[in-house]
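K.L.:
Before anything else, here's the structure in question.
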Amino acid sequence: MIALLWGCGGSGDDDAAPTTVRAPLTCTSEEGLTFTTELASCGEALSRGREFAAELGLATGPDTPAAEHAMATTCSTIQGTQPKTYESPEFATLADQLHTSGVCPGVITMLVPPTTAPVVGLVVTSGWTLVEVIDGDTFDVTGTDGQRRIQIIGINAPEPGGCMSDQATNALRLLASDKELTLVPDMSDVDADGNNLRYVEQSDGVDLGGTMIDLGLAIAEPVEPDIARGGQYAQRMVDAQTAAVGMWAADACPVPATIPPATTPPTTTGITG
């Protein structure tokens, strides 16, 4: 939007020249998030913001959906009214860059650091093996400390009976079977049901939760204060959506065909020959 402010003076004065003042532009990301920018165009703002996100490792490249997601959600937060806890320190740096560069000036203190202290005594433990898979994000393991039920941190797989639930359960079983598993804590020890909250990795470092997201068989769902991998999981989900795999495929969960109601045959009562 361009507003023209004319200088004061008598009508017809030759020295009364127009002054151009550029109002902030309102931009919209592919996800529908809006923000205002001081740059010359929304295209420039989106391009620079995506570059910042990629340089900070929040996306695999500036032209990826994850890069736009990171910059747009950060812009929306620092120009919004509700504070939000950031998932990793890189988001705080991104907010400062977006603000100072004019991509989306805002109040960077709207993005606040996690304040919850970690539970003392939680350590990484190895040597666990699979006992039974409950669903796509919950399973039992056994090790030197006995048997535990594990709820994988940061993901949510379809519940039993839901669309893609069998595929998710089978995929997790394949990932965990005949492997030595490592349990990695975040901030919390257990959830409300008493399940151990852990990231789970194979001995070669393959992240089971992240892989389930990559396959389109779980969504990224970080829950504070356990958000150490929230940023990378969000990126992996955006990439899975873009690739249209698993639950994101167009034909993953077809809508059942509608069965037309049975028609009642016309009555013959009262009809005479």
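Here the sequence shown is numbered in this note's numbering, starting from 21 and rising by one per residue.
Note that CB positions come from ideal geometry on N, CA and C, so glycine has one too.
Report yes if the C-beta distance between arginine 70 and aspartate 83 is below 8 Å; otherwise report no.
P.N.:
Their beta carbons are under 8 Å apart, which means arginine 70 touches aspartate 83 by this criterion.
K.L.:
Let me make sure I understand the geometry here. Which of Gln102, Pro85, Leu150, Asp155 has the alpha-carbon closest to that of glutamine 252?
P.N.:
Per the Cα distances, Pro85.
K.L.:
Measuring alpha carbon to alpha carbon, tell me which of Thr105, Ala188, His89, Cys47 ends up nearest valine 258.
P.N.:
Per the Cα distances, His89.
K.L.:
On a CA-only basis, which of Gly156, Lys199, Thr129, Glu58 is nearest methionine 232? Give me that one, please.
P.N.:
Closest by alpha carbon: Gly156.
K.L.:
Report all residues from its chain with a CB closer than 8 Å to the CB of threonine 283; omit the five preceding and five following residues, and keep chain order.
P.N.:
With a pLDDT of only 42 at threonine 283, under the threshold of 50, the placement of this residue in the model should not be trusted, and no figure is reported.
K.L.:
Grouping DSSP H, G and I as helix and E and B as strand, with all else coil, what is isoleucine 170?
P.N.:
Of the three classes helix, strand and coil, the one that applies to isoleucine 170 here is strand, per DSSP.
K.L.:
The ligand MG and asparagine 215: does any heavy atom of the ligand fall closer than 7 Å to the residue's C-beta?
P.N.:
The model depicted lacks the ligand MG and carries no ligand whatsoever.
K.L.:
Identify the continuous alpha helix (DSSP H) that holds valine 258 and give its terminal residues.
P.N.:
Counting along the chain, the alpha helix (DSSP H) containing valine 258 begins and ends at 250-263.
K.L.:
Of the residues Gly225, Leu76, Glu221, which one's Cα is nearest the Cα of serine 16?
P.N.:
Nothing about residue 16 can be reported from this structure: the residues present for the chain run from 21 to 293 only.
K.L.:
Which word fits proline 102, buried or exposed, when buried means at least 16 other C-beta atoms lie within 10 angstroms of its C-beta?
P.N.:
Per the sequence shown, residue 102 should be read as glutamine rather than proline. Classification for glutamine 102: exposed.
K.L.:
Using the Cβ count rule (16 or more neighbours within 10 Å means buried), how would you classify glutamine 117?
P.N.:
With 16 or more other Cβ atoms within 10 Å, it is buried.
K.L.:
Which residue comes first and which comes last in the beta strand (DSSP E) that contains glutamine 222?
P.N.:
From DSSP, the beta strand (DSSP E) with glutamine 222 extends over 216-222.
K.L.:
Cα separation between methionine 184 and leucine 235?
P.N.:
One C-alpha to the other measures close to 11 Å.
K.L.:
Note down the Cα distance separating alanine 277 from alanine 260, rounded to an integer number of angstroms.
P.N.:
Any reading at alanine 277 is ruled out, since the residue's pLDDT is 43, under 50, leaving its predicted position unreliable.
K.L.:
Rounding to the nearest angstrom, what Cα-Cα distance links asparagine 176 and leucine 53 in this structure?
P.N.:
Those two C-alpha atoms are separated by around 24 Å.
K.L.:
Find out if the Cβ-Cβ distance for the pair threonine 196, leucine 228 is shorter than 8 Å.
P.N.:
The amino acid occupying residue 196 in the given sequence is alanine; threonine does not appear at that position. Contact: yes.
K.L.:
Assign isoleucine 226 to one of two classes, buried (16 or more other C-beta atoms within 10 Å of its C-beta) or exposed (fewer than that).
P.N.:
Checking the displayed sequence, the identity of residue 226 turns out to be valine instead of isoleucine. Exposed, because fewer than 16 other Cβ atoms sit within 10 Å of the Cβ of valine 226.
K.L.:
Quick one: Cα of asparagine 215 to Cα of valine 204, how far?
P.N.:
Straight-line Cα distance between these residues: approximately 14 Å.
K.L.:
Assuming valine 153 and leucine 192 form a contact by the criterion Cβ under 8 Å, report the distance between their Cβ atoms to the nearest whole angstrom.
P.N.:
Right, their Cβ atoms sit about 5 Å apart.
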